[in-house]
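A.B. asks: Just so we're aligned: 128 in the UniProt record's numbering is position 128 of the sequence shown, and the numbers increase by one with no gaps anywhere. Heads up, the beta-carbon is just placed ideally off N, CA and C, and yes, glycines get one too. All figures in this text were calculated on a predicted structure; none of them were measured in a lab. Starting off with a structure, shown below.
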Amino acid sequence: MLTTKQITGLLYSMGHTFDNLASTYIATEEFLTTHNPHVIGSRGDLALLQDLQAASRCMLHYDYSHGLTLDYLKDINASMTRTAALDPGALRKRSNIMVHTMKGDYIPPIPDENTITKLLEDATRSPGNLLDAARLFAQLAKIQPFGDGNKRTALLAANGLLIMRHQPHVLTVPVTDPEKQEFNTKLSAWYLDDDPQVIDLLASYNTRLRGLDRQGHPIPTRSQRSR
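Here it is as structure tokens:
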């Protein structure tokens with residue numbers, strides 16, 4: 001099971017990098033532990049953190065003996081009722097969303113249930129290491145199964161794979177440059193050009209990461225600091 005510090009780092013990194021969360025790491029941590037809304041500075045940040053906390057509960061309390069399933073993915077997205085899709089948890093039936101990337105706009109096709117199910121089954125059969133989790137995140141994020149909240153849903157589902165395999169790591173996304181810019185650039189290349197470099201980037205980044213400090217800055221592993 002993830003520690004409070006790991007959960008805080010995961011949700012803070014998601015909110016900051018995916019959705020422009022303006023709250024500090026300290027305020028985020030205090031809200032997640034006390035549920036006091038007054039420590040958050042805006043209604044938008046509060047709604048986002050409430051959604052992230054609700055979605056993370058789905059990840060934490062899921063029965064992983066069933067493996068990763070489409071219903072599991074839907075439940076994560078369905079829990080984000082304030083800041084995500086108009087119909088939370090429902091797969092898109094139209095090609096009606098556009099993702100703005102650093103390399104241009106990406107219009108994902110209508111998601112196919114069988115394709116998503118196979119991705120989840122393949123992940124369930126994998127060793128479930130950081131590379132497998134990063135691959136699952138990238139695959140789900142590119143499909144954009146839902147009307148909104150797709151990267152959040154994909155990252156939580158990928159961390160569920162790590163939980164299922166009792167891995168000590170957490171899959172987070174970079175929160176500071178130059179790593180954050182490199183991540184966004186390579187995610188754009190994955191969406192538009194099928195360039196998979198973002199998968200290795202995420203796995204490598206999290207291998208070198210011990211977590212975030214109280215300012216929300218990455219803490220390198222001891223081996224990285226000694227170089």
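Please report how far the alpha carbon of ILE163 lies from the alpha carbon of ASP45, in whole angstroms.
C.D. replies: If you take the alpha carbons of ILE163 and ASP45, they lie about 27 Å apart.
A.B. asks: Nearest by alpha-carbon distance to ALA27: which of ILE97, VAL39, PHE18 is it?
C.D. replies: Of ILE97, VAL39, PHE18, the residue nearest in Cα terms is VAL39.
A.B. asks: Given that a residue counts as buried once 16 or more other Cβ atoms are within 10 Å of its Cβ, and exposed if not, what is GLN215?
C.D. replies: GLN215 comes out exposed.
A.B. asks: Quick one: measure Cβ to Cβ for ALA141 and ASN129, integer angstroms, because I've assumed they're closer than 8 Å.
C.D. replies: With a Cβ gap of about 19 Å, ALA141 and ASN129 do not count as contacting.
A.B. asks: Please report the residue range of the beta strand (DSSP E) in which GLY128 lies.
C.D. replies: Careful: GLY128 lies outside any beta strand (DSSP E) and carries neither H nor E.
A.B. asks: How about MET1 and LEU155: are their beta carbons less than 8 Å apart?
C.D. replies: In this structure, LEU155 does not lie closer than 8 Å to MET1 by Cβ.
A.B. asks: Going by CA-CA distance only, name the one from VAL170, HIS100, GLY67, ASN206 that's closest to ASP19.
C.D. replies: Taking only the C-alpha atoms, the option nearest ASP19 is HIS100.
A.B. asks: Going by C-alpha to C-alpha distance, which of ILE7, ALA123, GLU179, MET98 sits closest to THR33?
C.D. replies: Answer by Cα proximity: ILE7.
A.B. asks: When you compare the CB positions of LEU212 and GLY9, do they come within less than 8 Å of one another, or not?
C.D. replies: Contact flag set, yes.
A.B. asks: Determine the extent of the beta strand (DSSP E) in which VAL99 is found, giving its start and end residues.
C.D. replies: Start and end: 99-101.
A.B. asks: Mark GLU29 as exposed unless 16 or more other C-beta atoms lie within 10 angstroms of its C-beta, in which case mark it buried.
C.D. replies: With 16 or more Cβ atoms within 10 Å of its Cβ, GLU29 is classed as buried.
A.B. asks: Leaving out five residues on either side along the sequence, give the residues of the same chain with a beta carbon under 7 Å from the beta carbon of ALA203.
C.D. replies: Only LEU130, LEU131, ALA134 meet the Cβ criterion.
A.B. asks: Could you tell me whether the stretch 48-55 touches the stretch 66-84, where touching means 3 or more Cβ pairs closer than 8 Å?
C.D. replies: The stretch 48-55 is in contact with the stretch 66-84.
A.B. asks: If distances are taken between C-alpha atoms only, which option among LYS118, ASN96, ILE97, PHE137 comes closest to ASP200?
C.D. replies: For the residues LYS118, ASN96, ILE97, PHE137, the minimum Cα distance to ASP200 belongs to PHE137.
A.B. asks: DSSP three-state label for PRO220, please.
C.D. replies: It is a strand residue.
A.B. asks: Can you say whether LYS93 is buried or exposed, counting buried as having 16 or more other CB atoms within 10 angstroms of its CB?
C.D. replies: Exposed: under 16 other Cβ atoms inside 10 Å.
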